[in-house]
Amino acid sequence: MIITISGMPYSGKSTVAKMLLEKLSWERIYVGGIRRELARKKGMTIEELNIYGETHPETDVDVDKEAAAQARKLNSKGKNVIVEGRTQFHFLPESLKIYIKVNDKEAVKRMLKDMHDAQALKARNEKLITSEKEALKRIHEREEEDARRYNKFYGIDHRDEKQYDFIVDSSKLTPEEVVEEIIQFINKNKKETTKINSKKKVK
123 MIITISGMPY
133 SGKSTVAKML
143 LEKLSWERIY
153 VGGIRRELAR
163 KKGMTIEELN
173 IYGETHPETD
183 VDVDKEAAAQ
193 ARKLNSKGKN
203 VIVEGRTQFH
213 FLPESLKIYI
223 KVNDKEAVKR
233 MLKDMHDAQA
243 LKARNEKLIT
253 SEKEALKRIH
263 EREEEDARRY
273 NKFYGIDHRD
283 EKQYDFIVDS
293 SKLTPEEVVE
303 EIIQFINKNK
313 KETTKINSKK
323 KVK
């Protein structure tokens, strides 16, 4: 099985993916991490890479294609895979597609918390933001930047919830509660798939 995790900035995608990894012992591919490392190599912040990427599609397209190829390769070897990336639902249509959303108030709160965490700030490779107003502006800018690139390169809007199999709002949930909801969905899907395969064998 392959599951893809997309979602809004600061919805908790990475935290949830890591916790799922621990609970399920699956393989994980983190597209955001690959792009952040690419930004570092170019001497850029992730914000600068996103702007650069609007005229250099390889910073998205090559990374997304490679992530999807890695996921399929692992899956072909009998591995279950978690792929965390905003457009991976598009590149891996056979996956269980999960979308995590969050309201503005909670997203701003989480962003400012990360800004006070030196380790988190370094890992995210983002510029320092100190005010709620600036944080909200940056979150909305990032969503628009991403949406613009994805529409230009892939002809999709990653924010369209109809494209996903399961949607969870993390605004008022702990990461543990989000993970539990996702695991329940995965288990339910496994049972339904087993039933379908059993009926096929009977026929």
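Quick note: the sequence shown, position 156, residue 278 per our numbering, numbers continuous. Don't be surprised by glycine CBs; every beta carbon is placed ideally from N, CA and C. In this text, all values refer to a predicted model and were calculated from it rather than measured experimentally.
For this session: Report the option in Leu171, Glu302, Tyr286 whose CA atom is closest to the CA atom of Phe211.
Result: Tyr286
Exercise. Which full runs of the beta strand (DSSP E) of 3+ residues lie inside the stretch 123-173, going along the chain?
Worked result: 124-129, 149-152
Problem set entry | For Asp291 and His280, believed in contact at Cβ under 8 Å, the rounded distance | Wrong, their Cβ atoms sit about 16 Å apart, outside the cutoff.
Exercise. Which same chain residues, not among the five before or five after Lys325, have their C-beta less than 6 Å away from its C-beta?
Worked result: Legend: pLDDT at Lys325 = 47, less than 50; position of this residue unreliable, no value from coordinates given.
Exercise. What is the rounded straight-line gap between the Cα of Ile222 and the Cα of Val185?
Worked result: 21 Å
Exercise. What span of residues does the alpha helix (DSSP H) with Asp282 cover, start to end?
Worked result: From DSSP, Asp282 is part of no alpha helix (DSSP H); its letter is neither H nor E.
Exercise. Residues in its own chain within less than 8 Å of Gly134 by CB, not counting five upstream and five downstream?
Worked result: Ile222, Val224, Arg232, Ser292, Pro297, Val300
For this session: Would you kindly check if the distance between the Cβ of Asn197 and the Cβ of Val203 is under 7 Å?
Result: yes
Exercise. Which residues share a DSSP beta bridge with Tyr272?
Worked result: According to DSSP, which records beta bridges pairwise, Tyr272 is partnered with nothing at all.
Exercise. Pick from Met166, Met141, Ile173: whose alpha carbon is nearest that of Arg270?
Worked result: Ile173
Exercise. Should Ala191 be labelled buried (16 or more other beta-carbon atoms within 10 Å of its own) or exposed?
Worked result: exposed
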